[in-house]
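Here the protein sequences line up with chains L and D, keeping their order.
Mapping the first sequence onto this note's numbering, position 18 (from 1) lands on 18, and the numbers just tick up by one.
Mapping the second sequence onto this note's numbering, position 63 (from 1) lands on 1063, and the numbers just tick up by one.
Ideal placement from N, C-alpha and C gives every residue a C-beta, glycine not left out.
Computed from a prediction, not measured in an experiment: that's the story for all the values here.
Right, one structure below, let's go through it.
2 protein chains.
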Amino acid sequence: MGLTKTEIFTEEQNRLAIMLKALAHPARIAILQQIINANACICGDLVDELGLAQATISQHLKELKTAGLIQGTIEGVSVCYCIEPRAWKLLSSQLDEFFSLYKEPANCC
Amino acid sequence: MGLTKTEIFTEEQNRLAIMLKALAHPARIAILQQIINANACICGDLVDELGLAQATISQHLKELKTAGLIQGTIEGVSVCYCIEPRAWKLLSSQLDEFFSLYKEPANCC
DNA sequence: AATATCAATCGTAATATTGCGATATATATG
DNA sequence: CATATATATCGCAATATTACGATTGATATT
């Protein structure tokens, strides 16, 4: 065990869970906020800004990139990271949809 | 290590990450969808509906309850679970705010 | 070519998560 | 009170996550 039973859930449920997992860490939230704020960031900026080791930041960036939420472009020695607009909008709207499923408390327990 | 460095992030970043973590599992997404769909659910219904053991569903319900996303009311032998409206709305608007930080691709990399 | 700079990857330790069987607890019902 | 029903909790095994030092790789700079 210790392994999520993906096969019993829908594609959508699994995809949403994966994206949310990518967001579900304060460092990654902070990284995204920094990237948005600065329009683009390189790894070193984030290392200075947050108080985490370079290896740790790099690993978080990789997770965000794997999820598709950010993209990285090589720019000389450094790599410029910014938001991936499509994935961002898609996730945003999927979450909107999910949260709007719930309408006001009817006659709950 | 293996421990998140909460102290270097803001209260908001940590709270949002905790709530997202509670959502970031297909079983918990499915549970919430079921609860919303049926207006309220008891643990047994969810065990039948999803294909997970009773102990597993109970544990997921506990996590959702700890996060404050659902509430449970004892109803005879069973416990009736439903959405906690305040937490739901709060998270929804916090996510709205977070996602709206990003405005269109300016002159990115 | 040698060196500096920046980021990715490897390896490792500590901790967390996932899932379930077994058991405990708590409330109905006969 | 004994039994059935429903849920929670315990304990465990398998796996995943988090963090970082050390190293590697790749591009500039001198």
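(request) Check distances from the C-beta atoms of the region 53-69 of chain L to those of chain D and list, in chain order, the residues that come in under 8 angstroms. (result) none
(message) Please identify the residue among L:43, L:5, L:7, L:75 whose C-alpha is closest to the C-alpha of residue 55 (chain L).
(response) Start at 1 with the first residue of the first sequence, and residue 55 (chain L) comes out as number 55. Comparing Cα positions, the closest option is L:43.
(request) Please list the residues of the region 33-46 of chain L that have a C-beta atom closer than 7 angstroms to any C-beta atom in chain D, keeping them in chain order. (result) 33, 36, 39, 40
(request) Have a look at residue 1021 (chain D) and residue 26 (chain L) and give me their C-alpha separation to the nearest angstrom. (result) Position 21 of the second sequence, counted from the first residue, corresponds to residue 1021 (chain D). Position 26 of the first sequence, counted from the first residue, corresponds to residue 26 (chain L). Taking the straight line from one Cα to the other gives about 10 angstroms.
(message) Just verifying my parser: in three-state terms, what is the DSSP assignment at residue 12 (chain L)?
(response) Here the question's residue 12 (chain L) lines up with position 12 in the first sequence. The answer is helix: DSSP assigns residue 12 (chain L) an H, G or I state.
(message) At the 8 angstroms Cβ level, is residue 78 (chain L) part of the contact set with chain D, yes or no?
(response) Working through the first sequence from its first residue, we reach residue 78 (chain L) at position 78. By this cut-off, residue 78 (chain L) is not an interface position.
(message) Rounded to the nearest angstrom, what separates residue 16 (chain L) and residue 75 (chain L) at their Cα positions?
(response) To locate residue 16 (chain L), count along the first sequence from 1; it is residue 16. To locate residue 75 (chain L), count along the first sequence from 1; it is residue 75. Spanning the two alpha carbons is a distance of roughly 32 angstroms.
(request) Classify residue 4 (chain L) as helix, strand or coil using the three-state DSSP reduction. (result) As a first step, residue 4 (chain L) is located in the first sequence; it is residue number 4 there, counting from the start. Residue 4 (chain L): coil per DSSP, three-state reduction.
(request) Output the distance between the C-alpha atoms of residue 50 (chain L) and residue 93 (chain L), rounded to the nearest integer angstrom. (result) Counting from 1 along the first sequence, the entry for residue 50 (chain L) is found at position 50. Counting from 1 along the first sequence, the entry for residue 93 (chain L) is found at position 93. Spanning the two alpha carbons is a distance of roughly 29 angstroms.
(message) If we define contact as Cβ-Cβ less than 8 angstroms, is residue 90 (chain L) a contact residue for chain D?
(response) Counted from its first residue, the first sequence places residue 90 (chain L) at position 90. Not closer than 8 angstroms to any Cβ of chain D, the Cβ of residue 90 (chain L) fails to qualify, so no.
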